[in-house]
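K.L.:
Handing you this structure, nothing more for now.
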Amino acid sequence: MPSEIREAVFAFHGDHPLLFYLIVTVIFFSFLLLALTEYFKPVGKRRCKDGKPAVLPPGPYGEMATLHLGSKTWIFLNSNRVVSELIAKRGSATNQRTPMPVSSGIISHGDRRSVLMMQEDWAEPRRLKSTQMLAEYLLKPKLWYRHHYRYANSVIHRIALGERLAKSTKELEDMQNCVIIFVGNIGHSIRLEQCNYDVYREWWVPARDKVLAGTAPPSFICNTLLHGDTKYTDNDVDAMYAGMQLIEAGSDTTREALNVIVMAALEYPEAFHKARAEVDRVCGTDADARLPTLADMDNLGYICAMAKEGLRWHPIFVTTPDHTASKDIDFEGYHFPAGVGFIINQNVVCDDCESPEKFYPERWMNGHESDITHGLWQFGGGRRVCVKYRFAQRSLLFTISRLRRLLTTLNLKSTNEPFPIKVTVHNQHYGKLIIEQAERAGVLEDAKLARDKL
Ligand code: HEM
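Sequential numbering of the sequence shown, starting at 1, is according to the UniProt record's numbering.
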């Protein structure tokens, strides 16, 4: 600082000390404010990595819309076309996740809800459990919606923990609430964290102890999570979150999708007559009737289309977790800076078709009906697509085809959830078939047990 200025500052300080400190304080806080504003500026309002300004779509309407919230910028994708362009075709640049300090950090004890590696061959538990579900439908038809969750959960339970599910309704509800509250999050994160943790422990500890005692059957936790060579060795909490995440992710999604299918059965009976005709054609009728198996799925194109249409007609995910750009992206005149998050606006994207309000499986009969992710974004997309979408698809096909085979639904004219429906066996011969099959598969007792626990 030149000496004249310094002398002038000292003189001013000597003459007006109070004013001097006031001015210094104002300057200090102005700089602090500027620095904080810059730091917390939404990603989309900063300069891009390449030094150019961002060019973002206007909101709120159109194929894309921008939302700045805190330091984040989200681009909502509102049409099949832009989802396909940005999430699928440019997937290598849009497959990062935004750090979510609350949902993944606090609630999941430090990012433990991550991708899971799993052994395959899940067909057998699914076959047994869906037979059990049909028997439960027969034994307790009014509680049809509970059978969906128990079915979905018991398949995953068998795979993840190696044992048949013998949980009470209360225990199942606690687990279901973990995911419902987690997804709907997250005002009370600390309380939620403890609640999640406690429920997980109740499920985890007995299963883990059996593995450690050498008395557990083969399972995902036995063979993978608690195997001596994995990264989970000596980290019990990590292993627990990985195992329980699998159970959560696999149960509630399938339950909701099945509920939607039942809802569609009430609203659009003609689509369901077609589905039944298809299953009848493939699996026979009356005396020679049998339950559909996974081997039949290639011949059940309409059922495949129906699973896709259910997820489109009533999406179970309203948005998907954002896919964050790892580098600046030029797209159709826009310049998206690295760090913006792309969100599939599912309700709008699912309506991006002719007569979207109609449940119309035929719209998917285009040669791609057996690929559930072709043209449907409910499982996300690109390299982040749901790791178990094929598994989920088979669970849906299996159950839809079996339900259509055997049950007739009838609306009791109420929309309150769980909306009441009347479930009847389509034909007495099928009722006998279900009981016989459940007995032969050794799950009839489980079905009765489940009924008693309801
Ligand atoms: C109708 C059924 C299902 C739907 C609609 C669904 C949908 C999704 C979606 C939208 C994502 C995020 C994808 C993205 O970011 O683009 C996801 C991730 C995931 N899903 Fe599914 N899912 C279903 C069933 C399942 C099942 C049955 C399992 C396990 C058995 C499962 C395991 C997972 C896991 C572990 C992830 C996290 C992947 C990651 O960390 O990136 N999902 N799912």
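No residue lacks a Cβ here, since even glycine has one placed at the ideal position from N, Cα and C.
Along the chain, where does the alpha helix (DSSP H) containing Thr254 start, and where does it finish?
P.N.:
Asp236 to Glu267
K.L.:
Which whole-angstrom value is the C-beta distance of Arg126 and Arg394, which I expect to be below 8 Å?
P.N.:
7 Å
K.L.:
Would you identify the three-state DSSP class for Arg113, choosing helix, strand or coil?
P.N.:
Note on Arg113: pLDDT 40, under 50, position unreliable in the model; the coordinate value appears next. The answer is coil: DSSP assigns Arg113 none of H, G, I, E or B.
K.L.:
Which residues bound the alpha helix (DSSP H) around residue 497?
P.N.:
Any question about residue 497 goes unanswered here, given that the chain covers just 1 to 454.
K.L.:
With 16 as the cutoff for other CB atoms within 10 Å, does Gly442 come out buried or exposed?
P.N.:
exposed
K.L.:
Decide if the segment 67 to 77 is in contact with the segment 330 to 350; the criterion is three or more beta carbon pairs, one per stretch, under 8 Å apart.
P.N.:
Contact between the segment 67 to 77 and the segment 330 to 350 is present, because at least three Cβ pairs lie under 8 Å.
K.L.:
Return the bridge partner residues of Pro361 from the DSSP annotation.
P.N.:
Partner(s): none; Pro361 has no beta bridge.
K.L.:
State the CB to CB distance for the pair residue 485 and Val279, rounded to an integer number of angstroms; the pair is presumed to be in contact (CB under 8 Å).
P.N.:
Given a span of 1 to 454 for the chain in the structure shown, any question on residue 485 remains unanswerable.
K.L.:
Asp371 by DSSP, collapsed to three states: which one?
P.N.:
Coil, per DSSP.
K.L.:
So, helix, strand or coil for Trp377, using DSSP?
P.N.:
coil
K.L.:
Where do the ends of the beta strand (DSSP E) carrying His68 lie?
P.N.:
Met64 to Leu69
K.L.:
Consider the C-beta atom of Gly91 and the heavy atoms of the ligand HEM; say whether any pair is separated by less than 7 Å.
P.N.:
no
K.L.:
Between Val82 and Ala54, what straight-line distance do the alpha-carbon atoms span, to the nearest angstrom?
P.N.:
18 Å
K.L.:
Give, in chain order, every unbroken run of the alpha helix (DSSP H) that is at least 4 residues long and sits entirely within the segment 15 to 51.
P.N.:
With a minimum length of 4 residues, the continuous alpha helix (DSSP H) runs that stay inside the segment 15 to 51 are 17 to 40.
K.L.:
Residues in the same chain with beta-carbon distance under 8 Å from Thr94, minus the five sequence neighbours each way, listed in chain order, please.
P.N.:
Leu86, Ile87, His323, Thr324, Ala325, Ser326, Ile329, Phe342 and Gly382
K.L.:
So Arg402 and Ser130 are supposed to be a Cβ contact under 8 Å. How far apart are they, rounded?
P.N.:
6 Å
K.L.:
Classify Asp330 as helix, strand or coil using the three-state DSSP reduction.
P.N.:
strand
K.L.:
For the ligand SAM, is there a heavy atom less than 7 Å away from the beta-carbon of Thr373?
P.N.:
Among the ligands present in this structure, namely the ligand HEM, the ligand SAM is not found.
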